[in-house]
RNA sequence: CGGGACGUGGCGCAGCCUGGUAGCGCACCUCGUUUGGGACGAGGGGGUCGCCGGUUCAAAUCCGGCCGUCCCGACCA
């Protein structure tokens, strides 16, 4: 029974002043969600329906690949997290019980499920195995933002696979990827799968599922040849530099007083930014080994790619450290005669006629040739840019996107510290190979709002809409238009449709505006005008196409129409 | 964590500079008139002005501290 007179759909004409993202504004305005605190959001009845529809799609596809649903608690003993090495994470909520025992609120459930599987799995005969749950996650985010897109508490589907070796993991990974493809297709989203960084979690391979939209927090590098990667790890061929000065026999020192930035040096020497070698002094690892990273002047260093290339994290040296360790003031550091080992970005390989700092104040060198004038290692450590060249000569473009899911080859990252092993055919103890697979249903919902909204409000894909059909009556109690709408409502409900029935005594404009804001795929209007012609009006939300349905069999016709919608 | 902004009925805002009766639009309640694109009239209810302290005869307004929220950046298992 979903009559608007007996329902809670607190719509607003105006969005909260502090809302920025489309989905944030519209989900609040449409009465789907309400804020309780920073990063704390309540799902109102209609919003919860959309969330549940996303969950249901996920559940069906997980079940279909034999992934077993279970449920683990949010609260967990700190000891497990100390064992896995994740207790130190800042985002982890930590607490004590009344006896002072240390507890955590789980941000994912690798520890919990590995704990259980370590006990349940004994033999190779117990493998492979996949399990998932749909459970609340808690993260002390430094900066919650954009409504439900980044919150401190949210519901996540997290699945885990358990296999006897790397090949088994690869098979489970593929199975999950197939299910993920179907999930995001069914959700009606525009999406793509991209290669992603394995991050601090450790692992041996990962992909992210991205839904492109303006509110996205991630930048994705794409090309028409099918290339898709998070810019955190994307790689491409850079654009060549135009107007590069010719090579010189040997480096030539020039005075560049006060020219510390790329722009200032370019202006002083009248060369393009791409003719510069930009030197970035960093300190590597726990023991802060100095390293001079050099990239082309028009490129940016990518710290994630650098960390991956080095196998450990590096941080930029502070201004004092630059002087002390690298022997020249910031802005005038260069690779020629450098006081630290040099790592050059691949884009610099074989370049000549370059300009770099002279390792003394107010001077640069011209005519520098990489390889001739200094020795270095090479690695791809720059951030790709729009206009770079991808596979098959395709042009790279960069788009913002929401991460709606990720799949991750964990390997033995958790089975080792938590002792999850099995006995093989030879009775030998072996580590279990694991994968983890996450999806945020709230992000699916928000991404759908972002991707399909227009100036009137939300336009749900059929599979996520809180209701299938939004039935509006313009008749009051006792009038024909009310009586007919009541009948159509009953019939649609019997047909299995989820119907929201606007039986309020409000003006037509108000009802239509609310219907378009809420964004259900099909609106039916029963009013006196239509009835006089023996008609019920149907309006498809996406595109606002209107058509008339004969009163006789209107409910059936509406169901038919609904089935054909996106 | 760095930078910026904001906090006044449910929502959006004015008032603060220059201290003196808390105000507007929407929403809400009652009655009446309206009824195919956010109606109209009349009447009405609702606010510790984020919190604490200070200055003052008097503080939404001035001063100090704290808290909260948002935006940009960093971070993001």
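Residue numbers (the working numbering): 310 to 875.
Using N, Cα and C, we set each Cβ at its ideal position, and we do this for glycine too.
Nearest-angstrom Cα separation, counted from residue j out to residue i
{"i": "residue 276", "j": "residue 494", "result": "Because the chain is modelled from 310 through 875, residue 276 falls outside the range shown and cannot be assessed."}
{"i": "residue 742", "j": "residue 634", "result": "43 Å"}
{"i": "residue 421", "j": "residue 730", "result": "15 Å"}
{"i": "residue 614", "j": "residue 691", "result": "7 Å"}
{"i": "residue 863", "j": "residue 797", "result": "8 Å"}
{"i": "residue 479", "j": "residue 700", "result": "25 Å"}
{"i": "residue 397", "j": "residue 391", "result": "8 Å"}
{"i": "residue 542", "j": "residue 504", "result": "8 Å"}
{"i": "residue 775", "j": "residue 824", "result": "12 Å"}
{"i": "residue 290", "j": "residue 321", "result": "As shown, the chain starts at 310 and ends at 875. That puts residue 290 outside it, with no answer to give."}
{"i": "residue 659", "j": "residue 611", "result": "21 Å"}
{"i": "residue 315", "j": "residue 716", "result": "42 Å"}
{"i": "residue 681", "j": "residue 706", "result": "34 Å"}
{"i": "residue 665", "j": "residue 583", "result": "11 Å"}
{"i": "residue 531", "j": "residue 428", "result": "44 Å"}
{"i": "residue 399", "j": "residue 449", "result": "7 Å"}
{"i": "residue 585", "j": "residue 600", "result": "19 Å"}
Residues bridged to residue i (per DSSP)
{"i": "residue 344", "result": "350"}
{"i": "residue 432", "result": "732"}
{"i": "residue 677", "result": "663"}
{"i": "residue 876", "result": "This structure cannot settle anything about residue 876, because the visible part of the chain is limited to 310 through 875."}
{"i": "residue 810", "result": "312 and 780"}
{"i": "residue 633", "result": "Looking at the DSSP assignment, residue 633 forms no beta bridge with any residue, so it has no partner."}
{"i": "residue 848", "result": "832 and 855"}
{"i": "residue 696", "result": "BP columns for residue 696 are empty, so no partner."}
{"i": "residue 763", "result": "766"}
{"i": "residue 607", "result": "According to DSSP, residue 607 bridges with nothing at all."}
{"i": "residue 648", "result": "Beta-bridge pairing links residue 648 to no other residue."}
{"i": "residue 587", "result": "604"}
{"i": "residue 593", "result": "598 and 623"}
{"i": "residue 562", "result": "674"}
{"i": "residue 413", "result": "385 and 403"}
{"i": "residue 861", "result": "Answer is none; residue 861 lacks a bridge partner."}
{"i": "residue 786", "result": "None, per the DSSP bridge assignment."}
As assigned by DSSP and simplified to three states, the class of residue i
{"i": "residue 817", "result": "helix"}
{"i": "residue 475", "result": "helix"}
{"i": "residue 840", "result": "helix"}
{"i": "residue 853", "result": "coil"}
{"i": "residue 721", "result": "coil"}
{"i": "residue 776", "result": "coil"}
{"i": "residue 442", "result": "strand"}
{"i": "residue 690", "result": "coil"}
{"i": "residue 707", "result": "strand"}
{"i": "residue 614", "result": "helix"}
{"i": "residue 866", "result": "helix"}
{"i": "residue 598", "result": "strand"}
{"i": "residue 657", "result": "helix"}
{"i": "residue 625", "result": "strand"}
{"i": "residue 738", "result": "strand"}
{"i": "residue 800", "result": "helix"}
Where residue i falls, given that 16 or more other Cβ within 10 Å makes a residue buried
{"i": "residue 434", "result": "exposed"}
{"i": "residue 404", "result": "exposed"}
{"i": "residue 568", "result": "buried"}
{"i": "residue 816", "result": "exposed"}
{"i": "residue 718", "result": "buried"}
{"i": "residue 521", "result": "buried"}
{"i": "residue 497", "result": "buried"}
{"i": "residue 519", "result": "buried"}
{"i": "residue 539", "result": "buried"}
{"i": "residue 485", "result": "buried"}
{"i": "residue 737", "result": "exposed"}
{"i": "residue 842", "result": "exposed"}
{"i": "residue 432", "result": "exposed"}
{"i": "residue 377", "result": "exposed"}
{"i": "residue 744", "result": "buried"}
{"i": "residue 524", "result": "buried"}
{"i": "residue 760", "result": "buried"}
{"i": "residue 326", "result": "exposed"}
{"i": "residue 533", "result": "exposed"}
{"i": "residue 362", "result": "buried"}
Any non-hydrogen atom of the ligand SAH closer than 6 Å to residue i Cβ
{"i": "residue 695", "result": "Within the structure as shown, the ligand SAH is missing, as the structure has no ligands at all."}
Mind pulling the beta strand (DSSP E) runs of 3 or more residues that sit fully within the segment 359-411? 384-386 and 402-405, all fully within the segment 359-411.
Any chance you could list the alpha helix (DSSP H) runs of at least 4 consecutive residues sitting entirely within the segment 457-545, in chain order? 475-495
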